[in-house]
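So in the numbering used here, the last spot in the sequence shown is 1156, and the numbers never skip.
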Amino acid sequence: MTAPGRRSSTFTRLLRHGFTDPSAAERLLESDQLAPIRADPVLLDALGRTADPDLALLGLVRLVEAQGHHTAERELLDTLVAAKPLRDRLLGVLGASAALADHLARHPGDWRELVTYEPQDLHPGVAEFERCLAEAHDPVSLRVAYRRCLLSIAARDVCGTTDLAQTAAELADLATATLRAALAIACDAAPADAALCRLAVVAMGKCGGHELNYVSDVDVIFVGEAAGGADEGKAVQAATRLAAHMMRICSETTVEGSIWPVDANLRPEGRNGPLVRTLSSHLAYYQRWAKTWEFQALLKARPVAGDIELGTEYVATLAPLVWHAAERENFVADVQKMRRRVVENIPVAEVDRELKLGPGGLRDVEFAVQLLQLVHGRADSTLRSGTTLDALKALAAGGYVGRADAVQLDDSYRFLRLMEHRIQLFRLRRTHLVPEDSADLRRIGRSLGLRGDPVVELKREWKRHRAVVRRLHEKLFYRPLLDAVAQLATGEARLSADAARERLVALGYADPAAALRHLEALASGVSRKAAIQRTLLPVLLGWFADSAEPDAGLLNFRKVSDALGKTPWYLRLLRDEGAAAENLARVLSAGRLAPDLLMRAPEAVALLGDGDGGGLEPRARAHLEQEVLSAVGRAVGGEQAVTAARGVRRRELFRTAAADIVASYGTEETPVVADQGALVDQVGGAVSDLTAATLAGTLRAVVRDGWGDTLPTRFAVIAMGRFGGHELGYGSDADVLFVHEPREGVDEHEASRAANAVVAEMRRLLQVPSADPPLLIDADLRPEGKTGPLVRSLKSYEAYYRRWSLVWESQALLRAEFVAGDEDLGRRFIELVDPLRYPAEGLGEDAVREIRRLKARMESERMPRGADPTLHTKLGRGGLSDVEWTVQLFQLRHGWDEPGLRTTRTREALAAACAAELVSGEAAAILDEAWVLATRVRNAVMLVRGRAGDTFPSDGRELAAVGRYLGYGPGHVGDMLDDYRRTTRRARAVVDELFYGA
């Protein structure tokens, strides 16, 4: 006897074997019914392998009790211990289905159906199921026989003898046999009606597709004809009575429950139409009145019962209409609308639990596959399967779906269907909702082989597969221009010009004739490359149309494809990597800069993918500098070295521009980045780091080419302006100062000549005409401006700043930051200028007045003639200059006392001023918003036009493209300009208060 407070060894073993209520299980094992096998270890091991050991044990005890006499009990228990196939099948069913356990308790002899294990028992078909149902002559006996067959299917399923597709096919075959048996019962009950008519039962939906669930409506359509010269009207009436009776036999509840509802609502006119029609009536309806979804439903049509010849004729007669449904007006839009309506009708409380209809559910896969079948199946008969997984396999084989996508969809669809099967099998109830109870989730998880932490693992796998389906479904299904492909004339291998022209014009293509020439060049032929292009083009055309320059996007895509078309990875990247195709479409249609950069080195398209190409994340300055210096080190001669450095710069500019465009436009996988300031900082930081690395590489190349390893003077490059502030735009010059310091023993004049020669050669090499964009070096912020020497020694800077420095120079030095060359010299230069830019006790009133005077003069003198001051991003009202001068005044006045203000970056300094309570939070937010917006506009202008500009473009398409980059849809350019004026007007009011003291 177990001591009080201690667990018995049986209790512990039960816990180890997966029982959740070991106390109850221990009592059941101690019951008289299991006494003969209680000590046999195989029993506990077998129970532990089931989905729910507690449920399986309870079901076993009930089954033994139901045997009724000792001999039958001994037969069951002896066979259970001796025969592993029976043990696995019987306990597997009892652990997965309370409903089938109830059936066995009511019909205790049916366990013998699981004993035989012959090859013909492993995969029965319609004929085998018909033999099993042959003795059923009324609705009750039919239900008993049906459950007996279902028991064997479930046993093979839960034991893994059959996979999902085989199980679904067996369930469909059992449904076929059951419909035939039910129709036979109906005909026996009304022989006169049976003699009058020919009645065909055509399965639809999952039954027709040979992929049925455990519990599902069996969708059918009835076709009737007169038999033996009978009157057609009377024959149809007789067929209707037989059909209605057959439906009741299957659907009505008896003492043995029901089988499943037979649903004929997919018939013409739905539930309002006649239950049975003649073939000619069906044909007339589909020719004149049928909606798009009705042709979609006919994909699954399969004759299963009654007059098979008539059913086959029905399918053959309607097939041409099905495969030409894609030619119907608004075909794709209708299918998309139907799918959206299904999702919208799900109760909000159930959306996240909907396995079938919810986002990322089974219906997403089925709709996507069916749409692609209808579009491409007209010319490719290999796609005409009613079974989802077979059709998906055929779509992949034909190049209509990427192989990797097809594998993922297949895997996820199988997992979701298995979940659905296990949920329905428990109570044999029609449901697609994932249960919330942890015990139910545990049983489902264990039944799918998740034995570590079944609940957690099930939720994780379900979430993962839903995400896969959602992503791939949207990629395959929501193709804005699939209807252009849907207008292919039968037999042709390329897009039809006549069918596509109108669509192209409607979508904003200004030159549809040129667009069609590009399409024909890309998609003609029978090669796999052309097949993949035909698959890609519809969705690409839709993305191009979403931009302000669809024609340019298509033209650029053709150029890239011509350059890379023979490269094996290119089309595979676009087809198989979720982000690459859309990223490329966005980049190619967003303006001139990014495509120009890409055309100079098309292989950079690899950066747009999801894989190992580097992606669109900006690279750290240290990595950039290392790559540039390595490239320079491998090159022969200064020109070749700087060409290599400029090549890296071109590629990285493309990476930065592409990332900016994708983040601004958003894609199916990544939404628009909400934090516009973060985008501005990312672009400014990336371009500034890239410029610094390019200058470092150029300096190394020039010194090595002219002086070997050591220059006669130490040399450093100091970034100024937006460069020093990490705020460079795509078209910004590099504002710099050059400083040198003669090495020991070197004559000062010789050192100066060397330093000036370095600067001259750097500027020349960075501007040599080539395929790479030039980098202009601007040293106008040096002492004495354009009239002063390009390079000074550190001592010369010190002497100048001590004696002659003006307040504007102190202001300019707020942005000074070492970027290349001798690091120690750069550090000492920064130490030299710190007292100038952060003067002790701050600026005096005279200096403040001078800064205000300079700002006012700049506003009046430097604004371009004819420019709209409300829309000029740099010098206009509330623009960049307004915000930056206001922030810099705070730095000059308070930087000595507030460490946070000692930064070269505008937004950081503004945030520090707010933290120090020098400016209110509201005012700081207004200034920050205006500065970010003006910077974004400047970046947009450069991306769109391919050249820098401080004002909005005057060309309508270019202006629309800027608007699209800023998040304004078609027709909202006026809103964009109004918003810009409103934002900068508010900023100017703050500037007037804080800068001018108004």
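Glycine included, each C-beta is placed from N, C-alpha and C at the ideal position. This one's a predicted model, so the numbers in the text were calculated from it and none came from an experiment.
Residues that residue i bridges to, as DSSP identifies them
i      : result
PRO461 : VAL360
PHE976 : ILE876
THR412 : GLY415
GLY382 : LEU357
ARG435 : VAL381
LEU591 : GLU512
THR871 : PRO900
ASP421 : ASP377
ILE935 : ALA892
C-beta contact flag for residue i and residue j at 9 Å
i       : j       : result
GLY984  : ALA874  : yes
HIS623  : THR325  : no
ALA474  : ARG1115 : no
ARG399  : ASP351  : yes
THR1028 : ARG1035 : yes
ALA401  : GLY518  : no
GLY795  : ASP930  : no
VAL613  : GLY835  : no
ALA1005 : ALA1088 : no
GLY883  : GLY842  : yes
LEU341  : LEU357  : yes
VAL493  : THR450  : yes
ILE1161 : LEU332  : There is simply no residue 1161 to check, as the chain begins at 159 and stops at 1156 in what is shown.
GLY767  : ALA737  : yes
GLY544  : ARG460  : yes
Closest residue to residue i among the options (Cα-Cα distance)
i       : options                         : result
GLN395  : ARG922, SER890, GLY382          : GLY382
ALA799  : LEU837, LEU853, PRO760, PRO753  : LEU853
GLY363  : MET878, GLU524, LEU1050, ASP315 : GLU524
ASP1026 : ALA1071, ALA1073, LEU1135       : LEU1135
PHE380  : GLY428, ASN371, PHE1153         : GLY428
THR849  : GLU919, VAL977, ARG911, ASP839  : VAL977
LEU249  : GLU999, ASP315, ALA815          : ASP315
VAL1095 : GLY864, ASP321, PRO708, ARG1139 : ARG1139
VAL1041 : ILE1084, GLU1003, MET1021       : ILE1084
ALA313  : PHE287, GLU271, THR229          : GLU271
Segment limits, beta strand (DSSP E) that includes residue i
i      : result
GLU223 : GLU223 -> not in any beta strand (DSSP E); alpha helix (DSSP H) instead, spanning 211-224.
HIS898 : 892-900
ARG950 : 949-951
Where the alpha helix (DSSP H) containing residue i begins and where it ends
i       : result
ARG779  : 779-792
VAL1120 : 1114-1123
VAL926  : It is not in any alpha helix (DSSP H) - VAL926 carries neither H nor E in the DSSP assignment.
HIS1052 : 1038-1052
LEU1101 : 1079-1103
VAL1006 : 1003-1019
LEU567  : 561-585
CYS1072 : 1064-1073
LEU456  : Element bounds for LEU456: n/a, residue is neither H nor E.
PHE987  : 981-995
ARG675  : 670-681
HIS228  : 228-240
CB contact check: residue i to chain C, cutoff 9 Å
i      : result
GLY711 : Judged by its chain identifiers, the structure shown contains no chain C, having just a single protein chain.
When you compare the segment 557-571 with the segment 478-485, are there three or more beta-carbon pairs, one atom per stretch, that lie closer than 8 Å? With a cut-off of 8 Å, the segment 478-485 and the segment 557-571 do not count as touching, because too few Cβ pairs lie within range.
Is it the case that the segment 732-746 contacts the segment 816-830, given that we only count it when at least three CB pairs across the two stretches are under 8 Å? yes
If you pair each beta-carbon of the segment 282-297 with each one of the segment 334-346, do three or more pairs fall below 8 Å? yes
Three CB pairs or more closer than 8 Å across the segment 205-213 and the segment 250-260: yes
Any contact of the segment 586-593 with the segment 533-547, i.e. 3+ C-beta pairs under 8 Å? no
Pair every Cβ in the segment 414-432 with every Cβ in the segment 296-305, then say whether three or more of these pairs are closer than 8 Å. At 8 Å Cβ cutoff, the stretches touch.
May I ask you to verify whether the segment 769-789 touches the segment 835-847, counting CB pairs closer than 8 Å and requiring at least 3? yes
Is the number of C-beta pairs between the segment 961-973 and the segment 907-921 that are closer than 8 Å three or more? no
Tell me, please, whether the segment 932-941 touches the segment 1002-1020 by the rule of three or more beta-carbon pairs shorter than 8 Å. no
Pairing CB atoms from the segment 784-791 with CB atoms from the segment 745-762, are three or more of them under 8 Å? Contact annotation: the segment 784-791 does not touch the segment 745-762, with fewer than three C-beta pairs closer than 8 Å.
Does the segment 1111-1127 come close enough to the segment 1061-1080 to have 3 or more Cβ pairs within less than 8 Å? no
Between the segment 598-616 and the segment 199-210, do three or more beta carbon pairs fall short of 8 Å? In the pairwise beta carbon analysis, the segment 598-616 is classified as touching the segment 199-210: at least three pairs are separated by under 8 Å.
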